[in-house]
Amino acid sequence: MNSSQSEHLQKLVAEINSVKKDKAEKLVQLIKHITTISFGMLTVLVAFKPENSNCFQEILFSVILSAIGASIISGIIYMYSIVDELNEYLKIHLRHFDIRLSGDYDSYLRGEIPKKWYFNFSKVFFYLSSLIVVILLVTYGIIS
Numbered sequence: 003m004n005s006s007q008s009e010h011l012q013k014l015v016a017e018i019n020s021v022k023k024d025k026a027e028k029l030v031q032l033i034k035h036i037t038t039i040s041f042g043m044l045t046v047l048v049a050f051k052p053e054n055s056n057c058f059q060e061i062l063f064s065v066i067l068s069a070i071g072a073s074i075i076s077g078i079i080y081m082y083s084i085v086d087e088l089n090e091y092l093k094i095h096l097r098h099f100d101i102r103l104s105g106d107y108d109s110y111l112r113g114e115i116p117k118k119w120y121f122n123f124s125k126v127f128f129y130l131s132s133l134i135v136v137i138l139l140v141t142y143g144i145i146s
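With my numbering, letter number 102 in the sequence shown gets 104, and the count goes up by one each step, no holes.
Below, the structure written as structure tokens:
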């Protein structure tokens, strides 16, 4: 491999790493915003709870509180999954560099990051519970 090929590959790797970092940062920001909105919805819900309510409204209120809590917890787990994925990505690259530094330029390590099932579940559950919370809050507002 000559120096121009090496420089080209280094630029590609730097560009890929930059895009991956930007994507992770934007996703974390999105999840932070949705989680902050969930905390805000919780505050509004508790602040405007009516004094006189029937059994259905009490049940709906409890379901909304549970859904907001589930949304917040799954959002935090989902944010951690992004950090965990970046840590695994770093481990794979460090392993690649160690092999290259030891003088083995011919071997190729496959660099796939294993997806953990509970992180995938938390991702789906976060988006689903956030959507359900909005629907339930609108329903509660109409009924109250």
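C-beta atoms are modelled at their ideal positions from N, C-alpha and C, and glycine is treated no differently.
This structure is a prediction, so every number in the text was calculated from the model and none was measured.
Q: Could you say if the segment 28–42 and the segment 88–99 meet the contact criterion of at least three C-beta pairs nearer than 8 Å?
A: no
Q) For residue 52, which of 44, 26, 63 and 42 has the nearest alpha-carbon? A) As a working note, residue 52 is residue 50 in the sequence shown. Closest option to residue 52, Cα to Cα, is 63.
Q: May I have the straight-line CA-CA distance separating residue 75 from residue 9, to the nearest angstrom?
A: One-based indexing of the sequence shown puts residue 75 at position 73. One-based indexing of the sequence shown puts residue 9 at position 7. Taking the straight line from one Cα to the other gives about 44 Å.
Q) Who are the Cβ neighbours of residue 115 in its own chain at under 8 Å, not counting the five residues just before and after it? A) Numbered from 1 along the sequence shown, position 113 holds the residue referred to as residue 115. Closer than 8 Å at Cβ, skipping near neighbours: 87, 90, 91 and 94.
(Q) Give me the residue from 66, 26, 45 and 28 with the minimum Cα distance to residue 132. (A) Working through the sequence shown from its first residue, we reach residue 132 at position 130. Among 66, 26, 45 and 28, the Cα nearest to that of residue 132 belongs to 66.
Q) What did DSSP end up calling residue 23 once you bin it into helix, strand or coil? A) Taking the sequence shown and counting its residues from 1, the one referred to as residue 23 is at position 21. Of the three classes helix, strand and coil, the one that applies to residue 23 here is helix, per DSSP.
Q: Out of 119, 84 and 48, point me to the one whose CA is closest to residue 23's CA.
A: The residue given as residue 23 occupies position 21 in the sequence shown. Per the Cα distances, 84.
Q.
Within the continuous alpha helix (DSSP H) that includes residue 124, where are the two ends?
A. Here the question's residue 124 lines up with position 122 in the sequence shown. Here the alpha helix (DSSP H) through residue 124 covers 119–145.
(Q) Can you list, in chain order, the residues of its chain with a C-beta nearer than 8 Å to that of residue 138? Leave out the 5 residues immediately preceding and following it. (A) As a first step, residue 138 is located in the sequence shown; it is residue number 136 there, counting from the start. Within the same chain, residue 138 has close Cβ partners 62, 65, 66 and 69.
Q: Compare the beta carbon distance of residue 37 and residue 77 with 9 Å and say whether it is the shorter of the two.
A: Within the sequence shown, the letter at position 35 stands for residue 37. Within the sequence shown, the letter at position 75 stands for residue 77. Yes, the Cβ-Cβ distance between residue 37 and residue 77 is below 9 Å.
Q: Whole angstroms is fine: what's the gap from residue 145's alpha carbon to residue 129's?
A: On the sequence shown, residue 145 is found 143 positions in, with the first residue counted as 1. On the sequence shown, residue 129 is found 127 positions in, with the first residue counted as 1. If I take the Cα positions, the gap works out to 25 Å.
Q.
Comparing C-alpha positions only, which one of 79, 12 and 19 sits nearest to residue 123?
A. One-based indexing of the sequence shown puts residue 123 at position 121. Looking at the Cα atoms, 79 is the closest of the given residues.
Q. Residue 43 and residue 140 look like a contact to me (Cβ under 8 Å); what is the Cβ gap, rounded to whole Å?
A. Translated into the one-based positions of the sequence shown, residue 43 becomes position 41. Translated into the one-based positions of the sequence shown, residue 140 becomes position 138. Incorrect: roughly 11 Å between the Cβ atoms, too far for contact.
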